[in-house]
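Peer 1:
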Amino acid sequence: MFNNIFKKQRYYFDSEGLLVVDMSPSSAVHYQEAVQAATQDAGFSGEDMVINFGPQHPSTHGVLRLEVVLEGELVKKVTPHLGYLHRNFEKHAEYIPYNEIVPYTDRLDYLAAMNMNLGYVLAVEKLLGLTELPERVEYIRVICAEFNRIASHLMAIGTFGLDAGAITPFLWAFRDREKILDLFEWLSGARMLYNYIWVGGVARDLPDGWVEKAKEFLDYFEPMMVEFNNLLTHNHIFIERTAHIGILPADVAINYAATGPVLRGSGVKWDLRRDQPYSIYDRFEFDIPVGEGMYGPVGSAFDRYWVRIREIEESVKILRQALDQIPEGDVFEAIPRKIRPPAGKEAYFRSEAPRGEIGFYIRSNGSDIPDRVKCRSSCFVNISLIDEISRGQLVADLVINIGSIDIVLGEVDR
Amino acid sequence: MQELIQAVQNSQTFLSGLSEAALAIIFFVLFGLVFATVAAVCALVFVYLERKISAHMQDRLGPMEVNTGIPLLKNIGHGWAQTLADAFKLLLKEDIVPNAADRRLHLIAPFILFCAVIAAFSVMPFGEKLVVSDMNIGVFFVLAITSFSVIGVILAGWASNNKWSLLGGMRSAAQIVSYEIPSGLVVLVIVMQVGSLRFNDIVMAQAGGILHWHIFQFFPLNLIAFIISFLATLAEANRAPFDLPEAESELTAGFATEYSGFKWAIFYLSEYANMFLIGIFLSALFLGGWTSPFGSLFGGFFDKPGWQPVWIILKAVAIIFLQMWLRWTLPRLRVDQLMYTSWKVLTPFAFVTIFGVGLWMLF
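Those protein sequences? They're chains V and Y, same order as listed.
Residue 27 is where the first sequence starts when you use my numbering, and the numbers rise one by one after that.
Residue 637 is where the second sequence starts when you use my numbering, and the numbers rise one by one after that.
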């Protein structure tokens, strides 16, 4: 059908803005000629080159596709095209009971599945008015969320190094992340998609000796971060590569509704764990690291990276306190037998995931199945900044900028 | 070479009847085959070395599984046969050529690169007599012939008809042309001191132990020259932190994106052969070449001719280790920083060393 409409034309743009070239024998147009004509019609000069960055590109952190307009190696325009990992989470959620949605939230930000579980579960608890949970449950949730934040940030800083061409830091980060995954495996039986935090409780109690092992890990881990910093963070080439690019001023970050390390990297001290404390975060001592512009302007790619490094240290602080204070108790006692909120109730809850604010809006219809679930994804919002911070820089900087935003496509596409 | 031909003609074998030209051709083909084989085997060894070195730097073990397969010795050998298995895999793989590619250029590009590297081995002094052609312009020949490699890379980038390949090829052209200047300049420093472009003259000028090596002469000018030369050749070989033409995180695989199977193996082989070439080249120029570091110690035992290839290969391997160490430690430079390093840091310092050594020799 489309071919008929555009029969006279050698090329056309489809609904997504993709260039489609008519390759049928009758049109007999050389592909390159058509592409050239199309790029000229689209307002680019003959010197410009439109290039597809992804979805099968090693540094798009998943299946992101960027349509990049290049002049030589200079980036003139970046358009992200999403949807390659779309799994219909929100529609699915309208057909399954509240507690069965939890495993689906694992697949949102699969690098921080605990935080996704927690965000959704807290939203459901708000809907149910379930506020009194056993102390032990709250502590276990915070411990899991912070461990997963460390694991997720390790992945972020490791792949950020990889984007800059440093391979060893990536494997060092993975080595340590692996140990956290081992702890989670012991705890929940899964290494990546845990389905561990349930409405009103957690899936199972901490195994015997888990707390000691976790403390052992923290003792091991802190010197490793020093080593990591010596290898990558304070490397002169790395600083030169990252500290002067991808500048994101604070007002732009706020206008785009950026959250998480992307926002804090621009110097805005905003963290839901401190500003709208949920669970038991108000009991712990920790700082909110912000971008300081150590080696260049505030809000550079380096600042976002540095915020993540510092957040790992802060998470270790929280973990040490939580592991020391964790009380005994029954973790199953508050789990509701049936989750059936009255019809027409709605709740929105946002929490601080490693990549920014994850928000869940839930509306009930009186049954055990939600009427509507909406997920506010931080990565989806943050990726829209890519054009803003990459324009006028080189291809190599574009790669660094994507890495500094640190997206997980599972959460972007949902 | 001429001595060899004379010797064969004077011998009483069936070859003695052949003309000088025919014998020369036979020897050239023979040496070519030998060096291509040696380079290929060396490349295999270095690939294995790189895997193991990188693995241990990254807290991994690297390949451990592919060993002899003999029942009792199955698990012994640290996966030494892995690169062999990979080489066979590459030979058997399908050779995919993109539809829109220029098939002929796509085919010859890797071989131009390979030939440029292998040809340079013909003047490399593995020993006093172990050199195919001890030309009087040996150093110049190496600089000239290795410049050919840029043609191979550009052709590969262009013929693939892929935008990423093109970017990689263009980067490579700019990079190799810029870094040839400092690497050529610092060679002058050594040539000035020896007064000859012949490799064996340069090596013999450093005979007599470690303290006579060029790197320790005219301190610290020659040391600076060595560092410049090391960095510039690193960049010419497209090794990290100067591996922009094949920057994996930016350009997928740069100029080699559209290559697979045997052609890709040739690219890989050339890279490791080039590393070996650089190792030999730098050790001949700065680290005493095939002379022993002990000089007349131990009764001159280590100075015997049999040790010569051992010494130069050991020195080359040390330089290769240094290259690998850098690769697995440092992030990659950006294009503008790469140019900055070449034009504003290495080239001025190269001139300073030339000037300094010149003054030193005058007074």
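Even for Gly, the Cβ is constructed at its ideal location relative to N, Cα and C.
Return yes when the Cβ of Pro275(V) is within less than 7 Å of the Cβ of Gly226(V), no when it is not.
Peer 2: no
Peer 1: So, with DSSP's three-state summary, where would you put Leu654(Y)?
Peer 2: coil
Peer 1: Is the number of C-beta pairs between the region 370-385 of chain V and the region 247-258 of chain V that are closer than 8 Å three or more?
Peer 2: no
Peer 1: Give me, in chain order, the residues of the same chain whose beta-carbon lies closer than 7 Å to that of Gly713(Y); leave out the 5 immediate sequence neighbours on both sides.
Peer 2: Asn703, Thr704
Peer 1: For Ala284(V), decide whether its Cβ has a neighbour in chain Y, counting only Cβ atoms nearer than 7 Å.
Peer 2: no
Peer 1: Taking only the alpha-carbon atoms, compute the straight-line gap between Arg834(Y) and Ala672(Y) and give it to the nearest angstrom.
Peer 2: Each residue's alpha carbon lies about 23 Å from the other.
Peer 1: Against Trp198(V), what residues of chain B qualify as contacts under a CB-to-CB distance less than 9 Å, listed in chain order?
Peer 2: Given the protein chain composition of this structure (V and Y), no chain B is represented.
Peer 1: Work out the CA separation of Phe903(Y) and Phe200(V) for me, nearest whole Å.
Peer 2: So the alpha carbons of these two residues sit roughly 30 Å apart.
Peer 1: Cβ of Phe115(V) less than 7 Å from any chain Y Cβ?
Peer 2: no
Peer 1: Distance, Cα to Cα, Phe854(Y) vs Asp837(Y)?
Peer 2: 19 Å
Peer 1: Just to make sure I have the definition right: I need the residues of chain Y whose C-beta is within less than 8 Å of the C-beta of Gly272(V). Which are they?
Peer 2: In chain order: nothing, as chain Y lies at least about 13 Å away.
Peer 1: Check distances from the C-beta atoms of the region 968-997 of chain Y to those of chain V and list, in chain order, the residues that come in under 7 Å.
Peer 2: Hits within the stretch, in order: Arg968, Leu969, Arg970, Val971, Gln973.
Peer 1: Excluding sequence positions up to five away, which residues of its chain have a Cβ less than 7 Å from the Cβ of Asp394(V)?
Peer 2: Once the five neighbours on either side are set aside, the close Cβ partners of Asp394(V) are Pro123, Tyr124, Lys364, Ile365, Arg366.
Peer 1: For Trp961(Y), count the other beta carbons within 10 Å of its own beta carbon; 16 or more makes it buried, fewer makes it exposed. Which is it?
Peer 2: An exposed status is given to Trp961(Y), since fewer than 16 other beta-carbon atoms sit within 10 Å of its beta-carbon.
Peer 1: To the nearest angstrom, how far is the alpha carbon of Val101(V) from that of Ser416(V)?
Peer 2: 7 Å
Peer 1: Does the beta carbon of Ile263(V) sit closer than 7 Å to a beta carbon anywhere in chain Y?
Peer 2: At least one beta carbon of chain Y lies nearer than 7 Å to the beta carbon of Ile263(V).
Peer 1: Do Ile1000(Y) and Leu913(Y) have their C-beta atoms within less than 7 Å of each other?
Peer 2: Any question about residue 1000(Y) goes unanswered here, given that chain Y covers just 637 to 999.
Peer 1: For Arg740(Y), count the other beta carbons within 10 Å of its own beta carbon; 16 or more makes it buried, fewer makes it exposed. Which is it?
Peer 2: exposed
Peer 1: Can you give me the start and stop residues for the alpha helix (DSSP H) that His107(V) sits inside?
Peer 2: In the DSSP annotation of this structure, His107(V) is not part of any alpha helix (DSSP H); the continuous beta strand (DSSP E) holding it starts and ends at 100-107.
Peer 1: Can you give me, in chain order, the residues of the region 734-746 of chain Y that have a beta carbon less than 9 Å from any beta carbon in chain V?
Peer 2: Listed by position, the residues of the region 734-746 of chain Y near chain V (Cβ gap below 9 Å) are Ala736.
Peer 1: Take the Cβ of Asn910(Y) as the centre, count every other Cβ of all protein chains shown within 10 Å, and call the residue buried at 16 or more, exposed below.
Peer 2: buried
Peer 1: What residue does the beta strand (DSSP E) around Asp74(V) start on, and which one ends it?
Peer 2: That run of the beta strand (DSSP E) goes 74-79.
Peer 1: Below 6 Å CB to CB, which residues in the same chain sit around Trp800(Y) once its five sequence neighbours on both sides are set aside?
Peer 2: The answer, listed in chain order, is Leu887, Thr888, Thr893.
Peer 1: Could you pull out every unbroken alpha helix (DSSP H) segment of at least 4 residues lying fully inside the region 884-968 of chain Y, listed in chain order?
Peer 2: 884-887, 897-921, 944-963
Peer 1: With DSSP as the reference, label Trp224(V) as helix, strand or coil.
Peer 2: strand
Peer 1: Relative to the C-alpha of Ser978(Y), which candidate in Trp716(Y), Val681(Y), Val822(Y) has its C-alpha closest?
Peer 2: Val822(Y)
Peer 1: Would you list the residues sitting across from Pro523(V) in a DSSP beta bridge?
Peer 2: Examination of residue 523(V) is not possible in this model, given that chain V is present from 27 through 440 alone.
Peer 1: Please report the residue range of the alpha helix (DSSP H) in which Ala379(V) lies.
Peer 2: Per DSSP, Ala379(V) belongs to no alpha helix (DSSP H); it is in the beta strand (DSSP E), 372-379.
Peer 1: Distance cutoff 7 Å, beta carbons only. Does Glu886(Y) sit that close to anything in chain V?
Peer 2: yes
Peer 1: Let's see if you can read the secondary structure: which residues bound the alpha helix (DSSP H) around Leu741(Y)?
Peer 2: 739-756
Peer 1: Do Tyr146(V) and Phe386(V) have their beta-carbon atoms positioned less than 7 Å apart in this structure?
Peer 2: yes
Peer 1: Is any beta-carbon of chain Y found at less than 7 Å from that of Gly191(V)?
Peer 2: yes
Peer 1: Report yes if the CB atom of Val94(V) is closer than 7 Å to the CB atom of Ile77(V), and no otherwise.
Peer 2: Closer than 7 Å, so yes.
Peer 1: For Leu462(V) versus Gly109(V), is the C-beta distance shorter than 7 Å?
Peer 2: The question about residue 462(V) has no answer, for chain V in this structure spans 27 to 440.
Peer 1: Go to Glu97(V), then tell me how far its alpha helix (DSSP H) extends in each direction, as first and last residue.
Peer 2: It is not in any alpha helix (DSSP H) - Glu97(V) instead sits in the beta strand (DSSP E) that spans 91-97.
Peer 1: Does Leu958(Y) come within less than 7 Å of chain V when only Cβ atoms are used?
Peer 2: Taking CB atoms only, Leu958(Y) has no neighbour in chain V less than 7 Å away.
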